[in-house]
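Visitor: Letter by letter, the sequence shown follows residues 1 to 213 in the numbering used here.
The C-beta atom is built at its ideal place from N, Cα and C for all residues, glycine as well.
Note that the structure is a prediction, hence the values are computed from the model and not measured.
Mind having a look at this structure? Questions to follow.
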Amino acid sequence: MFRFFSRPSVLLGTLLFCTILPITISIARLVQLPTGTLPPDSLRIAAAPLSLFLHALSGASFGILGPVQFSRSLRRKFGIWHKRLGWVYCVAGLGLGLSGLSILVNIQSISSAPLDTFRGIAGAALCYALISAIAAARARDIQEHRAWMIRAYAIGMGSGTIAFVYLPIFLITQAPPSGGLYDLVFIVWWSLNVVFAEWVVRRTTPARRMITQ
Ligand code: HEM
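Next comes the structure, spelled out in structure tokens:
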């Protein structure tokens, strides 16, 4: 199964399918914010316009670059580009985490305290995962580098995939899902993305050989 999903076209397609909604919304916000055409629901977040702009820009870049960076055959074919785009990916990821934290402290939240706390932890964890991935790459520990990059992608994009749960609810109820119960669903869903990533890391990382002397 992993061999099938590691094909570049399948990997790119699957990850882009899972993240297409948050990426599209981010690109829309990048146009709407400077042109003053934000939807009424987002005006509250526009109280921190620079943070929102950077958040949308870094979110879209991080989401698009992730699948490209993860594809083994693209990495082998365009090795030097993996390195260059890797820096762009890390800057975008750090920007995503930090701008998320900035939005959190600068806007009036309508979410519950547990969800906002979880967002804060996720923003910090994303930065930690990316810094660990960079440190591992510099130490030439490629397995560790790959593992932290997969974790970072799941932490960052995990929030966006909630669209798969919320969209059907919205279509059925004709009202945006909000309130403590939906916030709990959000936390559980986001966590499941991270657990899934950890499973992928463990399932695909060969056991290290023990050095006995
Ligand atoms: C660690 C990851 C993330 C954190 C901590 C975070 C944090 C936040 C926070 C606190 C808000 C305001 C929520 C509200 O009060 O309604 C927000 C909104 C937003 N986020 Fe994120 N976010 C993360 C990941 C992402 C990703 C991966 C994307 C896109 C690919 C993204 C795109 C957006 C957009 C477009 C908005 C504005 C939504 C609107 O206008 O209604 N975020 N984010």
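1. On the DSSP letters alone, give me the boundaries of the alpha helix (DSSP H) that residue 117 sits inside.
2. Could you check what DSSP says for residue 49 in three-state terms: helix, strand or coil?
3. Which two residues bound the contiguous alpha helix (DSSP H) that contains residue 183?
4. Quick one: what's got a C-beta closer than 7 Å to residue 136's C-beta in the same chain, skipping five residues either side?
5. Among the residues of its own chain, which have a CB less than 8 Å from the CB of residue 44, if the five just before and after it don't count?
6. Does the stretch 118 to 131 come into contact with the stretch 35 to 42, if we say contact requires no fewer than three beta-carbon pairs (one atom in each stretch) closer than 8 Å?
7. Can you name the start and end residues of the alpha helix (DSSP H) that residue 154 belongs to?
8. Using alpha carbons as the reference points, say which of 32, 189 and 90 lies closest to residue 133.
9. Considering residue 76, what are the terminal residues of the alpha helix (DSSP H) in which it resides?
10. Taking DSSP as the reference, what is the three-state secondary structure of residue 210?
11. Under 7 Å Cβ to Cβ from residue 163, same chain only, skipping five residues before and after it: list those, please.
12. Per the contact definition of three or more C-beta pairs closer than 8 Å, is the stretch 50 to 68 in contact with the stretch 78 to 95?
13. Let's test the definition: count the other Cβ atoms within 10 Å of the Cβ of residue 190 and tell me whether it reaches 16, buried, or not, exposed.
14. Check whether the Cβ of residue 157 sits closer than 8 Å to any heavy atom of the ligand HEM, and report yes or no.
15. Hey, how far is the Cα of residue 216 from the Cα of residue 63?
16. Suppose contacts are defined by Cβ-Cβ distances below 9 Å. Is residue 29 in contact with residue 50 by that definition?
17. Starting from residue 175, trace the alpha helix (DSSP H) in both directions and tell me its first and last residue.
Guide: Taking the definition as stated:
1. Position 117 of the sequence shown holds residue 117. 113 to 138 is the span of the alpha helix (DSSP H), which, as asked, contains residue 117.
2. For this step, residue 49 is matched to residue 49 along the sequence shown. Residue 49: helix per DSSP, three-state reduction.
3. Here residue 183 corresponds to residue number 183 of the sequence shown, with the count starting at 1. Residue 183 -> alpha helix (DSSP H) spans 180 to 204.
4. As a first step, residue 136 is located in the sequence shown; it is residue number 136 there, counting from the start. Cβ neighbours of residue 136 beyond the five flanking positions: 144, 145 and 148.
5. Translated into the one-based positions of the sequence shown, residue 44 becomes position 44. Cβ within range, chain order: 107, 108 and 110.
6. no
7. As a first step, residue 154 is located in the sequence shown; it is residue number 154 there, counting from the start. Residues 142 to 158.
8. Position 133 of the sequence shown, counting from 1, holds the residue named residue 133. Answer by Cα proximity: 90.
9. Here the question's residue 76 lines up with position 76 in the sequence shown. Here the alpha helix (DSSP H) through residue 76 covers 72 to 77.
10. Residue numbering aside, residue 210 sits at position 210 when the sequence shown is read from its first letter. Because residue 210 sits at a pLDDT of 45, beneath the cut-off of 50, its placement in the model cannot be relied upon, and the point is left open.
11. Walking along the sequence shown from the start, residue 163 turns up at place 163. Around residue 163: 21 and 22.
12. yes
13. To locate residue 190, count along the sequence shown from 1; it is residue 190. Looking at its Cβ environment, which holds 16 or more other Cβ atoms inside 10 Å, residue 190 is buried.
14. Counting from one through the sequence shown, the residue named residue 157 turns up at place 157. Under cutoff, so the answer is yes.
15. An answer regarding residue 216 cannot be provided, because it is not within the stretch 1 to 213 covered by the chain.
16. Position 29 of the sequence shown, counted from the start, is the residue given in the question as residue 29. Position 50 of the sequence shown, counted from the start, is the residue given in the question as residue 50. Their beta carbons are not under 9 Å apart, which means residue 29 does not touch residue 50 by this criterion.
17. If you number the sequence shown from 1, residue 175 lands on position 175. No alpha helix (DSSP H) contains residue 175, which DSSP labels as neither H nor E.
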